[in-house]
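UniProt numbering puts the first residue of the sequence shown at 1, with every later residue one more than the last.
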Amino acid sequence: MLDLFAQAKPWQEPLASGAVILRRFAFDAAPSLLQEMAVVVRQSPFRQMVTPGGYTMSVAMTNCGQLGWTTDQHGYLYSPVDPLTGSAWPRLPDVFAELCQQAATAAGYPDFRPDACLINRYTPGAKLSLHQDKDEPDLQAPIVSVSLGLPAIFQFGGLKRNDPLKRLLLEHGDVVVWGGKSRLFYHGIQPLKTGYHPLTTDCRYNLTFRRASKEE
Ligand code: SIN
Ligand code: FE2
């Protein structure tokens, strides 16, 4: 009999050279990821960062791991200290590290050793304008990006800001990995639509794993 509640097995969709979408790859781990995220957030709460240009970002962010991505008056930087608490960022939960390792391996990057995990929270209307992830010194390492909760439209372009964009719906449990030739490709998230998700209610979370220091 057809089991309407059976979850599809994860599948892969090539996105660009060095980039792949691992559909539903994090679906089973999602409840534990969200539980551990709540622990992180108790120590280093979500905050809306202000860009060097003075603009308050619509996405709320925090970090875990040895380094965290943040902003100050001068620019964007990775810091070992959470400027909000004055303490180290919470450590990377084991379930985060495991999921990231499995996803990176499935995408062809078995040696990825992340030291930074940015956690993004999108509420309706929140968006991330087209940008490159280029604050990392080691561009050999890929980016592993996990979507949780409400779906969002991800834009993925090329090396130039005005290269044509692919628009892909990222759903709960999807993981995007990009590296190699597409490591510096422009990408962004279109404004989140209102909705309801049983695990996150009214928002979308994204975990972005990166290598933010040189491999020792
Ligand atoms: C990012 O580009 O840092 C996040 C992308 C996403 O939220 O899926
Ligand atoms: Fe990014």
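Ideal Cβ positions, reconstructed from N, Cα and C, are used throughout, including at glycine.
Restricting to Cα atoms, I'd like to know which of the options is closest to residue i.
i       : options                            : result
Asp-94  : Ala-8, Gln-102, Thr-62             : Gln-102
Met-37  : Thr-51, Ile-21, Cys-64             : Cys-64
Gly-18  : Gly-158, Arg-211, Gly-53           : Gly-158
Leu-207 : Ile-189, Arg-121, His-197          : Arg-121
Ser-145 : Leu-184, Lys-166, Ile-153, Val-177 : Val-177
Lys-160 : Ala-30, Phe-25, Lys-9, Ser-182     : Ser-182
Pro-124 : Pro-10, Asp-202, Phe-25, Phe-209   : Asp-202
Gly-54  : Gln-73, Gln-66, Val-40, Val-39     : Gln-73
Asp-111 : Cys-100, Arg-204, Ile-119          : Cys-100
Ile-119 : Phe-96, Glu-171, Val-50, Thr-56    : Phe-96
Ser-147 : Met-57, Ala-26, Trp-11, Gly-75     : Ala-26
Under three-state DSSP, which class holds residue i?
i       : result
Glu-36  : helix
Ser-129 : strand
Gly-180 : helix
Leu-77  : strand
Gln-66  : coil
Ala-107 : coil
Gln-190 : coil
Gln-91  : According to the sequence displayed, residue 91 carries Arg and not Gln. Here Arg-91 sits in coil by DSSP.
Cys-100 : helix
Ala-26  : coil
Pro-10  : coil
Val-41  : helix
Taking the alpha-carbon positions, what's the residue i to residue j distance?
i       : j       : result
Ser-44  : Glu-13  : 34 Å
Glu-216 : Arg-23  : 32 Å
Arg-83  : Trp-89  : Checking the displayed sequence, the identity of residue 83 turns out to be Pro instead of Arg. Rounded to whole angstroms, Pro-83 to Trp-89 spans 9 Å at the Cα level.
Ile-143 : Ala-116 : 10 Å
Ala-30  : Gly-68  : 22 Å
Glu-98  : Thr-71  : 28 Å
Tyr-186 : Asp-133 : 8 Å
Tyr-196 : Gln-190 : 17 Å
Ala-107 : Leu-15  : 11 Å
Asp-138 : Asp-28  : 31 Å
Arg-204 : Thr-85  : 24 Å
Ser-129 : Leu-184 : 15 Å
Within 10 Å of its beta-carbon, does residue i have 16 or more other beta-carbons around it, so buried, or fewer, so exposed?
i       : result
Glu-136 : buried
Ala-126 : buried
Thr-194 : exposed
Gly-173 : buried
Ala-152 : buried
Val-20  : buried
Arg-167 : exposed
Pro-164 : exposed
Pro-52  : exposed
Val-40  : buried
Assuming residue i and residue j form a contact by the criterion Cβ under 8 Å, report the distance between their Cβ atoms to the nearest whole angstrom.
i       : j       : result
Ala-141 : Arg-211 : 3 Å
Thr-200 : Gly-149 : 3 Å
Arg-42  : Met-61  : Rounded, the Cβ-Cβ distance is 16 Å, inconsistent with contact.
Gly-188 : His-131 : 6 Å
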